[in-house]
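A short worksheet on the structure shown next.
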Amino acid sequence: MKLYKKLGVIGAAAIVSFSSAVWAAPKFINVLTGGTSGIYYPLGVALSQLYGNNIDGAKTSVQATKASVENLNLLQANRGELGFALGDSVSAAWKGDEEAGFKKPLDKLRLIASVYPNYIQIVANKDSNIKSLADLKGKRVSVGAPKSGTELNARAIFAAAGLSYEDLGKVEFLPYAESVELIKNRQLDATLQSSGLGMAAYRDLASTMPVNFVPIPKDVIERIGNAAFQPGVIPAGTYDGQDADVDTIAIQNMLVTNSGVSDDVAYQMTKLIFENLDYLRNAHAAAKAISLDKATQSPIPLHPGAERYYKEVGALK
């Protein structure tokens, strides 16, 4: 009987010890971003710091990636807990659009928040005399990293404008910083990139040499036929020498997680975003557009933890 009691005490102690170990288990939060010269990266760093400082036991990291498509595939494979992605890429991932880079439907994806819009920004060396989409024919153009969200955007826009990659003089598949360096070195005429306004690489380019920003007319947007593509404007003065508004396309960015992330962690990740908007705006001005009004708009389901937060604050009924 005494032995039984001792074993019982030992067993109870073991259970308590095991429970404590589980309770103390670190919460890994790997934030998937994009190239270091874009906007995903500084915002991702800010979120990582926010979570590391405010979520008990959180072990955070930031991973620079090729952005949307890679991030969504990594989330599906449980190799990240939060990732930035363009809305059209999220929709394609949920459907399993193989041409867009998704071999099957990514059914583990869950929304944390729809955040701020990206703008398609086509910039050209002024000397190349590129003032319209048609002027890109025969020119050297970079269209973003291969099969990135930006490159998917480029394909859709060119097709709607009656262009193809074959119409261009040369096509480079490079992200922001590399594209800008080639334009500076006169090895590239223009680049199309999808980013928030005031992107660092474009600010650097516009302050270095005269450039043109190429408009995307509303009739081209209509021909794309995708609700994720909405008319947008790059306001005058966003970049040096840009003295007029430029019509373009706006596509909502989303913060996506996966179904394996616990409800509690997803709740805290969501809450910390909206309770620290000033902090995120200090990381990049693009965060000024983050609001509860559009936060739940998405082609994929909300994570239950995020849904709990939105119901608490009245953004969802």
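For the sequence shown, the positions run -24 to -1, 1 to 293 when mature numbering (1 follows the signal peptide of the UniProt record, and there is no 0) is used.
A virtual CB, placed ideally from N, CA and C, is assigned to each residue, including glycine.
Count the C-beta pairs between the region 206 to 226 and the region 136 to 146 that are closer than 8 Å, then say yes if the count reaches three, no if not.
no
Per DSSP, what kind of secondary structure is Asp223 in: helix, strand or coil?
Locating residue 223 in the sequence shown gives position 247, where the first residue counts as 1. Here Asp223 sits in strand by DSSP.
Applying the 10 Å Cβ sphere with the 16-neighbour rule, what's the burial state of Tyr17?
What you label residue 17 is simply residue 41 of the sequence shown in a count that begins at 1. Tyr17 should be labelled buried.
Integer-rounded CB distance, given that Leu109 should sit under 8 Å from Leu150:
Locating residue 150 in the sequence shown gives position 174, where the first residue counts as 1. Locating residue 109 in the sequence shown gives position 133, where the first residue counts as 1. That belief does not hold up - the Cβ atoms of Leu150 and Leu109 are roughly 20 Å apart, past 8 Å.
Using CA atoms only, rank isn't needed, just tell me which of Ala182, Leu112, Gly213, Glu154 is closest to Ala135.
The sequence position of residue 135 within the sequence shown is 159, counting from 1. The candidate whose alpha carbon is nearest that of Ala135 is Leu112.
What are the start and end residues of the beta strand (DSSP E) that includes Gly59?
The residue labelled residue 59 in the question sits at position 83 within the sequence shown. From DSSP, the beta strand (DSSP E) with Gly59 extends over 58 to 62.
Can you confirm whether the region 242 to 252 touches the region 275 to 283 when touching is taken to mean that 3 or more C-beta pairs between the two stretches lie within less than 8 Å?
Verdict: yes, contact present.
Can you find the residues in the same chain that come closer than 6 Å, C-beta to C-beta, to Leu256, ignoring five residues on each side of it along the sequence?
Position 280 of the sequence shown, counted from the first residue, corresponds to residue 256. So the list reads Ala22, Ala263, once near-sequence residues are dropped.
Out of Ile197, Val241, Lys42, Val119, which has the shortest C-alpha to C-alpha gap to Ile31?
Reading the sequence shown from its first residue, position 55 is the one you call residue 31. That would be Val241, whose Cα lies nearest to the Cα of Ile31.
Tell me whether the region 93 to 104 and the region 179 to 195 touch, counting them as touching only if at least three CB pairs, one residue from each stretch, are closer than 8 Å.
yes
Contained alpha helix (DSSP H) runs [length at least 4] in the region 256 to 293, N- to C-terminal order:
280 to 288
Alpha carbon to alpha carbon, how far is Ser24 from Gln273? Give it in angstroms, no decimals.
By 1-based counting over the sequence shown, the position of residue 273 is 297. By 1-based counting over the sequence shown, the position of residue 24 is 48. Roughly 23 Å separates the two Cα atoms.
Spatial neighbours of Arg179 within its chain, please: C-beta separation below 8 Å, excluding the five flanking residues on both sides.
As a position in the sequence shown, residue 179 is number 203, starting the count at 1. Around Arg179: Tyr215, Asp216.
Is Tyr16 helix, strand or coil when you go by DSSP?
Residue 16 sits at position 40 when you count from the first residue of the sequence shown. Correct three-state label for Tyr16: helix.
Mind checking Gly236: buried by the 16 CB within 10 Å criterion, or exposed?
If you number the sequence shown from 1, residue 236 lands on position 260. Label assigned to Gly236: exposed.
So Glu157 is in the alpha helix (DSSP H); what residue range does that whole segment cover?
Along the sequence shown, one-based indexing puts residue 157 at 181. Glu157 -> alpha helix (DSSP H) spans 152 to 160.
Could you give the residue range of the beta strand (DSSP E) that holds residue 310?
In the structure as shown, the chain starts at -24 and stops at 293, and residue 310 therefore has no counterpart that could be examined.
Please return the same chain residues whose Cβ sits closer than 8 Å to the Cβ of Lys287, not counting the five positions on each side in sequence.
In the sequence shown, residue 287 corresponds to position 311, counting from 1. Correct list, in chain order: Lys293.
Are at least three pairs of beta-carbons, each pair with one atom in the region 168 to 179 and one in the region 196 to 206, less than 8 Å apart?
Short answer: they don't touch.
Nearest CA to the CA of Ala271: which residue from His260, Val222, Phe250, Ala259?
Walking along the sequence shown from the start, residue 271 turns up at place 295. The shortest C-alpha separation from Ala271 is found at Phe250.
Hey, could you find the ends of the beta strand (DSSP E) Ala100 is sitting in?
Numbered from 1 along the sequence shown, position 124 holds the residue referred to as residue 100. For Ala100, the enclosing beta strand (DSSP E) stretches over residues 85 to 101.
Residue ranges of each beta strand (DSSP E) run of no fewer than 3 residues wholly in the region 172 to 212, ordered along the chain?
187 to 190, 206 to 210
Quick one: what's got a C-beta closer than 6 Å to Val(-3)'s C-beta in the same chain, skipping five residues either side?
Here residue -3 is taken as the residue at index 22 of the sequence shown, counted from 1. Only weak support exists for where Val(-3) lies, its pLDDT of 40 falling under 50; the value from the coordinates is given anyway. Counting only residues of its own chain and dropping the five nearest sequence neighbours on each side, Val(-3) has no CB closer than 6 Å to any other CB.
What three-state label does DSSP hand Gln169 in the structure shown?
Taking the sequence shown and counting its residues from 1, the one referred to as residue 169 is at position 193. Looking at Gln169 - three-state DSSP - the assignment turns out to be strand.
Taking 6 Å as the line, does the beta carbon of Leu144 fall inside it for any heavy atom of the ligand SAM?
For the ligand SAM, the structure offers nothing, since it holds no ligand at all.
Applying the criterion that 16 or more other CB atoms from any shown protein chain within 10 Å of the CB defines a buried residue, is Ser(-5) buried or exposed?
Counting from one through the sequence shown, the residue named residue -5 turns up at place 20. Residue placement at Ser(-5) is flagged as unreliable, the pLDDT there being 39, under the threshold of 50; the coordinate-derived value follows with that caveat. With fewer than 16 Cβ atoms within 10 Å of its Cβ, Ser(-5) is classed as exposed.
Quick one, are the C-beta atoms of Tyr152 and Ala177 less than 7 Å apart?
Counting from one through the sequence shown, the residue named residue 152 turns up at place 176. Counting from one through the sequence shown, the residue named residue 177 turns up at place 201. Result yes, Cβ atoms of Tyr152 and Ala177 sit closer than 7 Å.
Thinking C-alpha only, which one of Gly11, Val156, Leu19, Gln97 is nearest residue 316?
Look at the range of the chain in this structure, -24 to 293, and you will see that residue 316 is not part of it.
Tell me whether Asn234 sits in a helix, a strand or coil according to DSSP, three-state version.
Looking up residue 234 in the sequence shown gives position 258. The answer is strand: DSSP assigns Asn234 an E or B state.
Which residues does DSSP list as the beta-bridge partners of Asn229?
What you label residue 229 is simply residue 253 of the sequence shown in a count that begins at 1. For Asn229, which the question treats as bridged, DSSP gives the partners Leu62.
Through-space distance from Asn202 to Asp73, alpha-carbon basis
Here residue 73 refers to the residue found at position 97 of the sequence shown. Here residue 202 refers to the residue found at position 226 of the sequence shown. Straight-line Cα distance between these residues: approximately 14 Å.
If you run the structure through DSSP and keep just helix, strand and coil, what is Lys146?
If you number the sequence shown from 1, residue 146 lands on position 170. Correct three-state label for Lys146: strand.
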